[in-house]
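Residue numbers (the working numbering): -18 to 219.
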């Protein structure tokens, strides 16, 4: 029997949009797009077309990004091989996010004035991503989705949060209270940054505000310090 490699899993538009929005290595993104186009990808294609010497690594990259991936055996042109396909669900053990409905995400972004919760920069709705304040792998989902449990993040801060969470000691301990007190969950009121005693002040200059930043940069250069150090000196008076 010859299998064409077409997946039986029907993905909803929101699920497809979510999968396309996951942050992952470039090569993994190419594999994701292949699966979305063809329904599945075989280990032979992964090895010969996309250069994965160890094909299961491709599935691992996708799972690490948060995508639910499963394997099945198929026979193509008389040859037995494995193929991977998307389940339509999220990988709960990954750093990634579960599917957040577009309507909810759009409402969240609007409620925050299309500002990133971390850097306060203003972005278009498509540049912001809705994210759980407490990682889904630790806090799960509450029965009713509420804006207070989510935050809009720009791409760079969303990636930075993911990387910080992944190496945080609490990623193994999985204590929700520890996450709730973290900068990455509540930058407006926190006691630590990934369990470290640390405080951060992120200031974003956009549009005409960049003129003020450039002046600050010149002053910093004249005094032989960087902009961050000068700003800290001005704020603390030390």
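Ideal Cβ positions, reconstructed from N, Cα and C, are used throughout, including at glycine.
Remember, it's a predicted structure, so these values are computed and weren't measured experimentally.
Give me, in chain order, the residues of the same chain whose beta-carbon lies closer than 6 Å to that of residue i; leave out the 5 immediate sequence neighbours on both sides.
i	result
residue 160	115, 119 and 166
residue 175	145 and 149
residue 68	49 and 51
residue 39	12, 27 and 33
residue 186	194
residue 24	36, 62 and 63
Which same chain residues end up closer than 7 Å to residue i when comparing Cβ atoms and leaving out the 5 residues on each side of it in sequence?
i	result
residue 82	-5
residue 135	97, 100, 102, 104, 108 and 109
Which partner residues of residue i appear in the DSSP bridge assignment?
i	result
residue -9	Per DSSP, none; premise fails for residue -9.
residue 65	22 and 52
residue 57	60
Let me see if you follow: with CB-CB separation under 8 Å, is residue i close to chain B or not?
i	result
residue -8	Protein chains in the displayed structure number just one, and chain B is not present.
Could you tell me if residue i is buried or exposed, where buried requires 16 or more neighbouring beta carbons within 10 angstroms of its beta carbon?
i	result
residue 92	exposed
residue 110	buried
residue 192	exposed
residue 64	buried
residue 35	exposed
residue 14	exposed
residue 216	exposed
residue 125	exposed
residue 168	buried
Between which residues of its own chain and residue i is the CB-CB distance below 8 Å, once the five residues before and five after are set aside?
i	result
residue 207	201
residue 139	4, 110 and 112
residue 210	201
residue -3	17
Could you give the uninterrupted runs of the beta strand (DSSP E) lying entirely in the stretch 72 to 156, keeping only those of 3 residues or more? Within the stretch 72 to 156, the beta strand (DSSP E) runs of at least 3 residues that lie entirely inside it are, in chain order, 109 to 113 and 131 to 135.
Hey, which unbroken runs of the alpha helix (DSSP H) at 4 residues or more fall wholly within the stretch 151 to 207? Complete alpha helix (DSSP H) runs here, min 4: 151 to 154, 157 to 161 and 190 to 204.
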